[in-house]
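Chemist: Please find one structure pasted underneath; my questions will follow.
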RNA sequence: GGCCGCAUAGCUCAGUUGGCUAGAGCACAGUCUUCACACGACUGGGGUCACAGGUUCAAGUCCUGUUGCGGCCACCA
């Protein structure tokens, strides 16, 4: 037993230096993983030094973890995501890069708050508002601590080599300071504004929610056809005025319009009604209860009825509000009319089937109506309170006779409206209808389009969205480059942002091209509270002067006195709006509050802080304020690659690029092109589904818990399996089955990983036992000149595999990486090399060196994928230190005796030996034919047989004779045929006839029919193949147009096949 | 509705710029409890490359269309 030549026998290692013989036959991951993790953590190996990069000593490699939400434990998708990251991180660390993997978690605003609200409701029977804001936030904080610990534990169990010393949380003090700096700068630069807009409102949580926080669900409902009576002004020149009172136009009572009058105006169909009856239009709606908020009826200008209605108005029943009839293309024509007008496309519209041609316009409660309202300058009447009950306190003033609906829930109000209309003969008909309705993810409540004050980031500014697109490498941009046309605002490419696979660049690009301003306010308690104070200013001149001083000092910034708002009917009072650079600046805050300004209660969208992740985690904007961050930003931003799932390309990737470019582009410390992108590569991996192609989810019960797999199969097995499955496909199916022992969800897929790790373990066990017996050896480097062909073949395979692995890592081809190592370990090393050298290795020091190097290269190449088992083996590699081999460099550990910090293997291309590989292949094929024959005669594996063949075959085998003898259990390879009296099997190989004798103890080895079957099958196969080549060659175009090299190849191949067929047929004839 | 993908063995997936008899793992069948590994070894069966056209000497690969499936975006009176 000898110590590692390059390091002292550290106390941590000798405990593991037991004899190889003591190693158990089966690798039991749980016996090793915790100990190995402890060693890794103790080593500090995951903690890079920024100084090594900034001083030019080492190149950086950095990855920012997509911070998991603190709402739940990690699932298999996270396991894939983090495995892919750890593979890259570990490989680059071994390659000598100064490597940072920045870990952390996301506070996940709405999701976390909703979880805690649910929990508090269940456990304590209380609601959020039963607590103070501080008390409730403290509850959420405790919940977060709990899940953060779970998540960190999971990542560690997976073997993730994150820099745990630097673990961040999007709401820790360091990240908070970045958020406020960013907000302040955007505010100062006019890129943040407040506006009244329709948002997705969750009436249960009483907050705005983003589209991605909603889901669609089909709901069975109805189309209600409601009659709105038509009226007209008492005299010409009177105009509609908003909320002017019941039944009034321009202050005077509106006059009813009869069908007779409509008929005179040429209104189609008017004559079918009694001439004296009140005329009406019928609107079709799925939301009768919003009619209180109607401010117009819209009709398509192409509708033949539109002209007759010009100058007329509709009156809302009960409410009495008189509303105009506007003409807008948006309105869908009823099917019959569309067909008559020859608008066949429009007639096919599903809505045409249900349309009446008249649309009730409710700008405050429908996004399209809102847009339509803006076009026609319609008033916006909000009829609901934040809890979605009908209310006259939020913008609705002309209640009329509709007071009975106040305070009712949406659903109840709907029933009442229907009933009232029906009672008055105003409900024309009701048709059943099914359509999808937006629900809030977190509360499951139906989302209400709701008009409210919200904060926006003006991402439509070219400095943000267009700059993000310009960051794409030129060959991944489809617009602003081609057809000589430059898309509006599209700047030429100036960045190196690259998506892998490339197709995802399009999602990213088109998102920015169609982007809308980003609503960043959420009416929650859990998050970064908006650092803005506003209201009417009541301070004196001194206060005003101090305010100006603070602004000059950069401690606050005031926007133009009236908040930007483009919706009608915004309050016109002069509102002062001030943003603090640091809301913890008590002097400034106190001043503002003394002057009557009030801090905005809203918090920021979670993605605002996520967007700053590659900066905030590195200490931006002020590394000095948070020890340990000095130089990090300069060293590790831009990072190397972002690994993520496609669903957050727009939510997260996009925003990180915009913010990173914007903020770091401003800082003079960063030169042009430096520090402007948060990362250069974006790796978009597949989404894991179950065996039926469904998403894994708690409700379906088809989720697989990574910790269960680690417990049953081991971390390495899980990682290997996931890596092997990681191809460029968009979805990844993982058949789910209950583990028969644990009863937990698992997948048979992971068995492959477990088997692979066990194979490696046993290969190592065997190798170590051989080398242990042989003892240490020293001396000058082994050169290929003193090696046999088998060894040169092995070295060639090692060189080839190393090259494949390097290429796969570079191009993020994880499955190729896994396959390359699988073939190297299992096929080349175990199946052939180990078997081949068994007879000779004990006596050959040179061969022992090759064996030792092969194992060590294999574990080094595999370490990024399977870190635990390789580390466990590496702990014993001091046993296998031998003479070095020329052309192979295996650098030692830099920090302690750890494979994790050992150098990536260098196997020079010069060790590739194509002649040896071709020759070895010949031996493998011959072995395969022999074993095939053995199998068809049911020869017991241990039984030695004799191969009889022509001299040519023996000559061709040369040095590889022993290989075939071992692999096929031959006792001899002899020239010429076996004695006539000795029963033998015939086999055909390389156009030669060979015989195997000694197949059985006595009598003939089965009858001739087995022989005949085998040979006939061979002939048939070869004949078919020859036929294909023959057809190709006899095609006149082939010889003319195909490359000569291919034609020659085909000819040679055909000749070979024909010779083999002839030989086999000859053997066949003799039977 | 717009855009992006996918369809290859029972299952999960490879298959580079068209070019040797379309591959792997798992599963399946047979043999073997051989002194590294039964989480193993050897051997075998299994595919009209979704369908229909087209380009080409040559198509799983390129083009057009069809069918089925998935995703993103928009819409949903």
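In this note's numbering, the protein residues as written are 12 to 1082.
Where a beta carbon is used, it is the ideal one built from N, C-alpha and C, also for glycine.
Applying the 10 Å Cβ sphere with the 16-neighbour rule, what's the burial state of residue 377?
Modeler: buried
Chemist: When the distance is taken between beta carbons, is residue 82 closer than 7 Å to residue 122?
Modeler: Yes. Within cutoff.
Chemist: Are residue 880 and residue 692 closer than 7 Å when you measure CB to CB?
Modeler: It is not a contact, given that the beta carbons lie outside the stated cut-off.
Chemist: Please report the residue range of the beta strand (DSSP E) in which residue 393 lies.
Modeler: Taken as a continuous stretch (DSSP letters only), residue 393 belongs to no beta strand (DSSP E), as it is neither H nor E.
Chemist: Answer yes if the stretch 103-116 comes into contact with the stretch 739-753, meaning at least three C-beta pairs across the two stretches below 8 Å, and no otherwise.
Modeler: Not touching, per the Cβ criterion.
Chemist: May I have the straight-line CA-CA distance separating residue 479 from residue 343, to the nearest angstrom?
Modeler: 37 Å
Chemist: In this structure, how does DSSP classify residue 930 when only helix, strand and coil are distinguished?
Modeler: helix
Chemist: Whole-angstrom Cβ separation of residue 1068 and residue 1033, contact assumed at under 8 Å?
Modeler: 5 Å
Chemist: Can you tell me whether residue 176 is helix, strand or coil according to DSSP?
Modeler: In the structure shown, residue 176 sits in a helix (DSSP, three-state: H, G or I).
Chemist: For residue 642, tell me which candidate among 35, 45, 54 and 61 has the shortest Cα-Cα distance.
Modeler: 61
Chemist: Out of 754, 826 and 859, which one is the CA nearest neighbour of residue 797?
Modeler: 859
Chemist: DSSP on residue 582, reduced to helix/strand/coil?
Modeler: Unreliable positioning characterises residue 582 in this predicted model, as indicated by a pLDDT of 46, which lies under 50. A coordinate reading is not provided.
Chemist: Over the uninterrupted beta strand (DSSP E) stretch that includes residue 439, give me the two end residues.
Modeler: 438-451
Chemist: Within 10 Å of its beta-carbon, does residue 559 have 16 or more other beta-carbons around it, so buried, or fewer, so exposed?
Modeler: Exposed, because fewer than 16 other Cβ atoms sit within 10 Å of the Cβ of residue 559.
Chemist: Just to confirm before moving on: does the CB-CB distance between residue 411 and residue 257 stay below 7 Å?
Modeler: Taking 7 Å as the Cβ cut-off, residue 411 and residue 257 qualify as a contacting pair.
Chemist: Take residue 699 as the anchor and find which of 944, 303, 740 and 125 has the nearest alpha-carbon.
Modeler: 740
Chemist: Measure the C-alpha to C-alpha separation of residue 313 and residue 358 and round it to an integer number of angstroms.
Modeler: 13 Å
Chemist: Give me, in chain order, the residues of the same chain whose beta-carbon lies closer than 8 Å to that of residue 669; leave out the 5 immediate sequence neighbours on both sides.
Modeler: 470, 475, 476, 478, 479 and 622
Chemist: Quick check on DSSP: helix, strand or coil for residue 608?
Modeler: coil
Chemist: Name the two residues that bound the continuous beta strand (DSSP E) containing residue 699.
Modeler: 698-701
Chemist: Cutting at 7 Å between CB atoms, please list the residues of its own chain near residue 210, excluding the five before and the five after it.
Modeler: Short of 7 Å from the beta carbon of residue 210, and not among the five residues preceding or following it, lie these beta carbons of its own chain, in chain order: 219, 461, 463, 465 and 530.
Chemist: Name the DSSP beta bridge partners of residue 664, please?
Modeler: Residue 664 is not bridged to any residue.
Chemist: Using CA atoms only, rank isn't needed, just tell me which of 168, 216, 170 and 885 is closest to residue 450.
Modeler: For the residues 168, 216, 170 and 885, the minimum Cα distance to residue 450 belongs to 216.
Chemist: Answer yes or no: do residue 1083 and residue 927 have a C-beta to C-beta separation smaller than 7 Å?
Modeler: As displayed, the chain neither begins before 12 nor continues past 1082, which places residue 1083 out of reach and without an answer.
Chemist: Nearest-angstrom Cα distance between residue 201 and residue 570?
Modeler: 8 Å
Chemist: Where do the ends of the beta strand (DSSP E) carrying residue 654 lie?
Modeler: 650-656
Chemist: How many Å lie between residue 249 and residue 316 at the Cα?
Modeler: 23 Å
Chemist: How many Å lie between residue 422 and residue 437 at the Cα?
Modeler: 20 Å
Chemist: Whose CA, out of 37, 512 and 341, lies closest to the CA of residue 694?
Modeler: 512
Chemist: Check for me: the beta strand (DSSP E) holding residue 973 runs from which residue to which?
Modeler: Counting along the chain, residue 973 falls outside any beta strand (DSSP E), though it belongs to the alpha helix (DSSP H) covering 972-978.
Chemist: Keeping to the same chain, check which residues put their C-beta closer than 7 Å to that of residue 902; ignore five residues upstream and five downstream.
Modeler: 913 and 914
Chemist: Please list, in chain order, all residues of the same chain as residue 857 whose beta carbon is under 6 Å from its beta carbon, the five residues on each side excluded.
Modeler: These residues qualify, in order along the chain: 793, 797 and 798.
Chemist: Under 7 Å between the Cβ atoms of residue 1023 and residue 947?
Modeler: no
Chemist: What number of angstroms, rounded off, separates the C-alpha of residue 900 from the C-alpha of residue 1011?
Modeler: In a straight line, the C-alpha of residue 900 is about 50 Å away from that of residue 1011.
Chemist: On the premise that residue 428 lies in contact with residue 369, defined as a C-beta separation below 8 Å, what is that separation, rounded to the nearest angstrom?
Modeler: So it is not a contact: roughly 17 Å between Cβ atoms.
Chemist: Three Cβ pairs or more, each shorter than 8 Å: is that satisfied between the stretch 68-77 and the stretch 143-157?
Modeler: No, they do not touch.
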